[in-house]
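Worksheet: one structure, shown below.
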Amino acid sequence: MTRIVVVGSINMDLVTQAARFVGPGETILGERFLTVPGGKGANQAVAAARLGAEVALVGATGNDAFGRQLRQGLAAENIDLTHTIALDDCASGTASITVANGENQIIVVPAANAHVTTAQIEQAQALIARADAVLVQMEIPLETVEATLRLGHRLGVPVILNPAPAQKLPTEWLKLARYVTPNQHELAILLGADPAEDFRLLMQHTPCPVVLTRGAEGAWYREEGDPLPQPGFKVDVVDSTGAGDTFNAALAVFLHEGLPRSVRKACAAAALSVGKLGAQGGMPELREVEALLTRTG
Ligand code: RIB
9 MTRIVVVGSI
19 NMDLVTQAAR
29 FVGPGETILG
39 ERFLTVPGGK
49 GANQAVAAAR
59 LGAEVALVGA
69 TGNDAFGRQL
79 RQGLAAENID
89 LTHTIALDDC
99 ASGTASITVA
109 NGENQIIVVP
119 AANAHVTTAQ
129 IEQAQALIAR
139 ADAVLVQMEI
149 PLETVEATLR
159 LGHRLGVPVI
169 LNPAPAQKLP
179 TEWLKLARYV
189 TPNQHELAIL
199 LGADPAEDFR
209 LLMQHTPCPV
219 VLTRGAEGAW
229 YREEGDPLPQ
239 PGFKVDVVDS
249 TGAGDTFNAA
259 LAVFLHEGLP
269 RSVRKACAAA
279 ALSVGKLGAQ
289 GGMPELREVE
299 ALLTRTG
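Add 8 to the 1-based position in the sequence shown for the working numbering, that's all there is to it.
So this is what it looks like as C-alpha cells:
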C-alpha cells in the first residue's frame with residue numbers, strides 16, 4: 009500500500025451557497041449553509057485515503073468542539089493522527105467559504121494551524137522516512153514547510169509542495185521539492201513574477217519540476233524540457249472547493265506510476281471531486297477514478 013504523509017492545515021469550513029458573491033457593504037440572502045470538514049492538509053489526507061493510500065497527518069486542531077469533530081472525521085477515514093496535536097486554549101482553524109455558480113471565495117483563520125511546529129516534523133521523522141511521498145501546503149508556518157522540505161530531501165523522500173495560499177519562496181526551498189504544484193496565479197506569486205507572463209515560460213524558469221493546475225482545463229507538467237498538457241475531464245461543477253487538494257493527493261498516491269500517468273489520474277480525481285458540495289464531499293474512491301478513466305479511454 010502506498011504510504012503518504014501530509015503536513016498541513018485542518019479547518020472547519022463554514023460554507024454558504026448563494027446565487028452570487030456579495031459586494032462590499034452589501035447583504036444578500038443565501039440558499040444554504042453547511043458546516044463541513046476542510047483545510048488543505050486534512051483535505052489532501054482524506055483524498056489520499058479514499059484513493060487507497062495509508063495516510064498519516066501532521067497538524068494541529070484546538071481542543072474545542074470543532075477540533076473534536078474534525079479529528080473524529082479524520083479517524084473515520086483511517087488517517088493516522090499520532091502526530092496531530094490538540095491544543096488547549098486555542099481555537100481550531102476555520103474557513104468562511106462562499107460558493108456561487110461553482111466558484112468559491114475563502115477566508116481562512118489559521119488559529120491552531122499557526123502552531124504546527126518544526127518539532128512535530130522532527131518527531132515524525134521515522135514516519136516520513138517510510139513514506140512514499142510527503143504532501144505539504146502553506147496554511148501552516150513557513151518554517152514548518154521549510155523543515156518538511158529539508159527533512160524529505162535529506163531522507164530521499166519526494167516532497168510535493170502545494171504552494172497555496174501563495175507567497176514568494178526562496179529558490180533554495182523550491183529546489184528541495186520533488187514537485188511544486190501551483191495554479192497559474194500561485195506560480196507567478198511563488199516566483200515573484202508578472203502574473204501576465206505566459207505560464208509555460210514561467211514553468212521553464214521554475215527551479216524544480218512543476219505540475220500546474222488549470223481547473224476545468226486540466227494541468228500542465230514539466231520535469232525537464234518543454235511543459236506538456238493534460239486536458240481536463242468534462243464534468244458538471246457543483247463546488248470546486250477541494251479540487252486542488254484532490255489533485256495533489258492523487259498526484260502523490262500515483263506518483264510511482266510515472267508523472268504523465270499520475271497527472272492524468274490526478275485530473276480525473278479532481279474532476280470527480282467537484283460534483284458535490286463541500287471540500288471533502290465529492291472526493292472519489294479509487295474505483296470511481298478507474299471507472300472514469302475507462303469510460304474516457
Ligand atoms: O483547498 C480548500 C480548502 O482551503 C478549504 O477546505 C478551506 O479550509 C481552505 O483551507
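Idealized CB from N, CA, C, for every residue including glycine.
*Does the beta carbon of K284 fall short of 7 Å from some heavy atom of the ligand RIB?*
On the sequence shown, position 276 is the one that residue 284 refers to. No, the beta carbon of K284 sits no closer than 7 Å to any heavy atom of the ligand RIB.
*Which whole-angstrom value describes the C-beta separation of V282 and V243, a residue pair presumed to lie in contact below a C-beta threshold of 8 Å?*
Stepping through the sequence shown from its first residue, residue 282 is reached at position 274. Stepping through the sequence shown from its first residue, residue 243 is reached at position 235. That pair is a contact at about 6 Å.
*asked:* For I36, count the other beta carbons within 10 Å of its own beta carbon; 16 or more makes it buried, fewer makes it exposed. Which is it?
replied: Stepping through the sequence shown from its first residue, residue 36 is reached at position 28. Classification for I36: exposed.
*Is the closest heavy atom of the ligand RIB to the C-beta of A274 under 7 Å?*
In the sequence shown, counting from the first residue as 1, residue 274 sits at position 266. Incorrect: A274 has no Cβ contact closer than 7 Å to the ligand RIB.
*For the beta strand (DSSP E) that contains Q25, what are its first and last residues?*
Position 17 of the sequence shown, counted from the first residue, corresponds to residue 25. From DSSP, the beta strand (DSSP E) with Q25 extends over 19 to 25.
*Is the CB-CB distance between T125 and V144 below 8 Å?*
Stepping through the sequence shown from its first residue, residue 125 is reached at position 117. Stepping through the sequence shown from its first residue, residue 144 is reached at position 136. No, the pair does not count as a contact, with Cβ atoms beyond the cut-off.
*asked:* So A172 and K48 are supposed to be a Cβ contact under 8 Å. How far apart are they, rounded?
replied: The residue labelled residue 172 in the question sits at position 164 within the sequence shown. The residue labelled residue 48 in the question sits at position 40 within the sequence shown. With 8 Å as the limit, A172 and K48 qualify as a contact, their Cβ atoms being about 6 Å apart.
*asked:* Going residue by residue through the region 119 to 149, where are the continuous alpha helix (DSSP H) segments of at least 4 residues, counting only ones entirely within it?
replied: 126 to 131, 133 to 137
*Candidates A277, G266, V245: closest to A258 by CA position*: On the sequence shown, residue 258 is found 250 positions in, with the first residue counted as 1. Of the candidates A277, G266, V245, the one whose C-alpha sits nearest the C-alpha of A258 is A277.
*For the 8 Å Cβ check, are there 3 or more pairs between the region 52 to 59 and the region 81 to 98?*
yes
*asked:* Given this structure, state the Cα-to-Cα distance separating R79 from E293, to the nearest angstrom.
replied: For the purposes of this step, residue 79 is taken as the residue at position 71 of the sequence shown. For the purposes of this step, residue 293 is taken as the residue at position 285 of the sequence shown. Straight-line Cα distance between these residues: approximately 21 Å.
*Terminal residues of the beta strand (DSSP E) in which T43 lies*: Taking the first residue of the sequence shown as position 1, residue 43 is located at position 35. 40 to 46 is the extent of the beta strand (DSSP E) around T43.
*In the DSSP assignment, find the unbroken alpha helix (DSSP H) run with Q210 in it and report its ends.*
Your numbering for residue 210 matches position 202 in the sequence shown. Gln is not the amino acid found at residue 210; the sequence shown has Leu there. From DSSP, the alpha helix (DSSP H) with L210 extends over 207 to 212.
*Status (buried if at least 16 other CB within 10 Å, exposed otherwise) for I115*: Residue numbering aside, residue 115 sits at position 107 when the sequence shown is read from its first letter. Result: exposed.
_Residue ranges of each alpha helix (DSSP H) within the region 224 to 272, 4 or longer_ = 251 to 261
*Would the beta-carbon of G110 be found less than 7 Å away from any heavy atom of the ligand RIB?*
For the purposes of this step, residue 110 is taken as the residue at position 102 of the sequence shown. Not so, every heavy atom of the ligand RIB lies at least 7 Å from the Cβ.
_Tell me whether the region 65 to 75 and the region 103 to 117 touch, counting them as touching only if at least three CB pairs, one residue from each stretch, are closer than 8 Å._
no
_Rounded separation between L182 and L22 - CA only_ = By one-based count along the sequence shown, residue 182 stands at place 174. By one-based count along the sequence shown, residue 22 stands at place 14. When rounded, the distance between both Cα atoms is 32 Å.
*With a CB to CB cut of under 6 Å and the five nearest residues on each side skipped, what residues in its chain are close to L263?*
Translated into positions along the sequence shown, residue 263 becomes position 255. Here the set comprises A141, S270.
*beta strand (DSSP E) segment containing Q113, residue limits*: Here residue 113 refers to the residue found at position 105 of the sequence shown. Looking at the DSSP string, the run of the beta strand (DSSP E) that includes Q113 is 111 to 117.
*Could you tell me whether any non-hydrogen atom of the ligand RIB is closer than 7 Å to the CB of E147?*
To locate residue 147, count along the sequence shown from 1; it is residue 139. E147: yes, Cβ under 7 Å from the ligand RIB.
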